[in-house]
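Chemist:
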Amino acid sequence: GNKELDAAMKSAVALADYEDILDPEDIYSLIALTSFHNQMYRICSNAFMKLERLEHLSQERRDMYQELAFKIFVRWKPKDPSVPVHQQQLNAVTKEVLRGIRKKYMKLCAVEAPAGSSRNLLAQ
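For this note's numbering, count along the sequence shown from 1 and bump the result up by 5.
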């Protein structure tokens, strides 16, 4: 895939750490879409498996994801092209970076709590 697609996919994958804040269907749909277009079919397959197991979705919706995955993976094997280890390390989004981003956005999203409360919007 090209650099923009790769960056979009990596950003989408990083969102998986925020299932407690973002809708998991949005997260894994975005991962499936970006990884498919980036030709990273194993990542795409894993995203579809997550979508098919989301309990808050109707059975009809989960079946829709399963049918789409079947159409995709009959044609493309759920494998990622090999990427040299040094390239993977250069492009890695580390847990430390993700913690920093999360801390920054938790501060930005903090709301004024009622008197006597120390809770913020993201802690609920």
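In this text, a Cβ means the ideal position worked out from N, Cα and C, and glycines have one as well.
Computed from a prediction, not measured in an experiment: that's the story for all the values here.
1) Please report the straight-line C-alpha distance between Phe78 and Cys49, rounded to a whole angstrom.
2) I'd like the list of long-range same chain contacts for Ala128, defined as Cβ closer than 7 Å, with 5 residues on each side in sequence excluded.
3) So, for Leu27: in the same chain, excluding its five sequence neighbours on each side, which residues have a beta-carbon less than 8 Å away from its beta-carbon?
4) Just the Cα atoms here: how many angstroms apart are Asp31 and Pro86?
5) When DSSP labels each residue in this structure, what does Arg58 get in the three-state scheme?
6) Considering only the beta carbon of each residue, do Glu57 and Arg47 sit closer than 8 Å?
Modeler: Here's the rundown:
1) Rounded to whole angstroms, Phe78 to Cys49 spans 10 Å at the Cα level.
2) Low confidence applies to Ala128: its pLDDT is 43, below 50, so where it sits in the model is not reliable, and the reading given next is rough at best. Within the same chain, Ala128 has no close Cβ partners at all.
3) Correct list, in chain order: Leu20.
4) Looking at the two C-alpha atoms, the distance is approximately 25 Å.
5) It is coil, neither helix nor strand.
6) It is not a contact, given that the beta carbons lie outside the stated cut-off.
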